[in-house]
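Take the sequence shown: its position 150, counting from 1, is numbered 150 in full-length UniProt numbering, and each next residue is one higher.
In this text, a Cβ means the ideal position worked out from N, Cα and C, and glycines have one as well.
Since the structure comes first, as structure tokens, the remarks are kept for the end.
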Amino acid sequence: MDQGVIHSLKCHYPKQLILRILECYDKNKDCDISPLDAVVLLEKSWRLVTESTIRNYFSRVGLTKTQQTEDDYLPLSKWLEEHGVNAFSQNEIEHFECCDDDVITTWEVSEEDIVALVNEGKQLYWHQIRLSDGGKNKMSKGLQFADTKLATAVF
């Protein structure tokens, strides 16, 4: 997902941040970004991730039949150039573009890892049942709501 949807989101977020900084600059205000402001910018960035970007991701992983190209991956430097923004030095732009390149947003999981996690979850589930009924076979009476809730949390 990092190669598609998340990458697109990560491309849009700095653009939204720069627009916010420029807006503050135009109004001669200090530009303090609170955690709430960061979340609002993230939400705006998410709305800019297009449906075709999401569709393209599912196509790349083989979940749909068609693949479309998308221009959501425009580098920040090109975007600034297209919008006539020259308030930042090239070094600042390059630093901003690659500041989160090493941040891990997803990881590869093998089938063996998935099977191990599922088996671990099943063992935890049955262990919880044994603890909750004092070792009696609760399954003969049918599952209780709490058991169902625990099972859905595990899986």
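Anyone know if the C-beta pair for His83 and Leu48 falls short of 7 Å?
no
Taking the alpha helix (DSSP H) that Ser34 belongs to, which residues open and close that run?
Per DSSP, Ser34 belongs to no alpha helix (DSSP H) and is neither H nor E.
Contact between the stretch 11-30 and the stretch 76-94 is defined here as three or more beta-carbon pairs at a separation below 8 Å; is this criterion met?
Contact holds: three or more Cβ-Cβ distances are below 8 Å.
Cβ-based neighbour list, Lys44, same chain, cut-off 7 Å, excluding 5 preceding and 5 following
Excluding sequence positions up to five before and after Lys44, its CB lies within less than 7 Å of the CB of Gln16, all in the same chain and listed in chain order.
Buried or exposed: which applies to Ser140, given that a residue is buried once 16 or more other Cβ atoms fall within 10 Å of its Cβ?
Confidence is the limiting factor: at Ser140 the pLDDT is only 44, short of 50, which leaves the residue's position unreliable, though a coordinate-based value still follows. Counting Cβ neighbours within 10 Å, Ser140 comes out exposed, since fewer than 16 surround it.
Cα-Cα separation, Gln123 to Asp113
15 Å
Ile93 lies in the alpha helix (DSSP H); which residues open and close that run?
90-98 is the span of the alpha helix (DSSP H), which, as asked, contains Ile93.
Could you say which of Leu41, Ile104, Lys27 lies nearest to Ile33 if we only look at CA atoms?
Minimum Cα distance to Ile33 is reached at Leu41.
In whole angstroms, what separates the C-alpha of Val5 from that of Ser89?
28 Å
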